[in-house]
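Just below is one structure, and these are the notes that go with it.
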Amino acid sequence: MSVALLSAAAVALDALLGEPRRWHPLVAFGRFADRIEQRFNSGGRGWRSHGVTAWIIAVVPLTLLATALSWAPLVGWLVEILALYLALGLRSLGEHVEPVARALRGGDLDEARRRVGYLVSRETAELDETAVARAATESVLENGSDAVFAALFWFAVAGAPGVVLYRLSNTLDAMWGYRNERFERFGWAAAKIDDGLNYIPARLVALTYAVLGKTRLALKCWRTQGPTWDSPNAGPVMAAGAGALGVELGGAAVYHGQLHQRPPLGEGAPANADAIDRGWQLVQRGVWLWLLILCLGAEFYA
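As structure tokens, then:
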């Protein structure tokens, strides 16, 4: 079965079922990663070498298992579909961002703040309507890249092993990749590996956003604003996405009690509920475009 058909099947399964409600392998993996971190980074005393060792223990055996299962006769194709389905977060992303937009339209700012708090790590209790919409729009653009497009990319490149390697690495970055006293040294490997795995997908996502939106503005924002962002991958993605939508993102935000003056992203109107919806639609249309490209590629090489 071709990569295009396997990818389409996994996307359809995600649209139909969403994330598993009762038991998700990534939840179990998160608990496993916590135990590894306690072993190798007790009291925040782990060094970079400990972080590398912990990453190998957490990721490599499961990637090898995915490889073996994907090669199994008769059921290998099913393993491929399930691996991508479990790595995707398209429907879940929509289930998280749409309630924010609805709450803003209904004038329920408290509910909008509560809902956006599920999406972002910044403090949301004091956000006004524009800041809530900005946070949600940024999240849908960035999480679309991390939780959807990068998974599709690594599946197309290396099948089930590729997507398992990517998703586990991305999860460890979310758990360990912080620049604070506890994780500055130990989490270095997880952060750098995730940056490397996302480098090409992020730029393909930025290009996708540009093609499907205000192309010239998106390319301009990508070129001029992307490099100003701390993250080498989130910068291009969110700058291009903001430009494609013609909306202003970025700016000041409070993280863990500290005010961070972030560079501006995009150009145009302030963010609002409509910007959240258009960002979500941009991600959805991007998925259809990627599936179409995969199908055309499969036909070309057939």
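Its first residue numbered 1, the sequence shown is counted upward by one per residue in the UniProt record's numbering.
Glycine included, C-beta positions come from ideal geometry on N, C-alpha and C.
Only a predicted model underlies this, so the values are computations on that prediction, with no experimental measurement involved.
So residue i and residue j are in contact, right, with Cβ under 8 Å, and what is the actual spacing, rounded?
| i | j | result |
| --- | --- | --- |
| L249 | A271 | 6 Å |
| V100 | R115 | 5 Å |
| A150 | N198 | 6 Å |
| V252 | R262 | Going by the sequence as given, residue 252 is Ala instead of Val. About 7 Å; that satisfies the 8 Å criterion. |
| E267 | C221 | 6 Å |
| L212 | L265 | Not really, about 17 Å apart at Cβ, beyond 8 Å. |
Which residue's Cα is closest to the Cα of residue i: the options?
| i | options | result |
| --- | --- | --- |
| W77 | R216, S2 and P263 | S2 |
| F153 | A239, A72 and L289 | L289 |
| I36 | G286, M175 and V254 | M175 |
| V164 | R105, T63 and A239 | T63 |
| L219 | T228, V60, A244 and A234 | A244 |
| L90 | L296, Q284, G107 and A273 | Q284 |
| G286 | V140, E95, A191 and I81 | V140 |
| L16 | E267, Y85 and S169 | Y85 |
| A103 | S92, E129 and A87 | E129 |
Exposed or buried, residue i, counting other C-beta atoms within 10 Å across all chains shown (16 or more means buried)?
| i | result |
| --- | --- |
| S49 | exposed |
| residue 344 | Residue coverage of the chain in this structure runs from 1 to 302, which leaves residue 344 outside it and unanswerable. |
| T124 | buried |
| G44 | exposed |
| N180 | exposed |
| P236 | buried |
| T228 | exposed |
| L119 | buried |
| I56 | exposed |
On the DSSP letters alone, give me the boundaries of the alpha helix (DSSP H) that residue i sits inside.
| i | result |
| --- | --- |
| A253 | Here A253 belongs to no alpha helix (DSSP H); instead the beta strand (DSSP E) covers V247 to Y255. |
| T228 | Element bounds for T228: n/a, residue is neither H nor E. |
| T63 | R48 to S70 |
| W154 | A150 to W176 |
| E126 | E126 -> no alpha helix (DSSP H), and no H or E assigned at all. |
| N198 | W188 to L212 |
| R22 | Unbroken run through R22: none, as it is neither H nor E. |
| V79 | G76 to A87 |
| E111 | L109 to V116 |
Does the CB of residue i have a neighbour CB from chain B at under 8 Å?
| i | result |
| --- | --- |
| S42 | Protein chains in the displayed structure number just one, and chain B is not present. |
Would you list the one or two residues that DSSP bridges to residue i?
| i | result |
| --- | --- |
| H260 | A253 |
| L265 | L249 |
| P270 | E248 |
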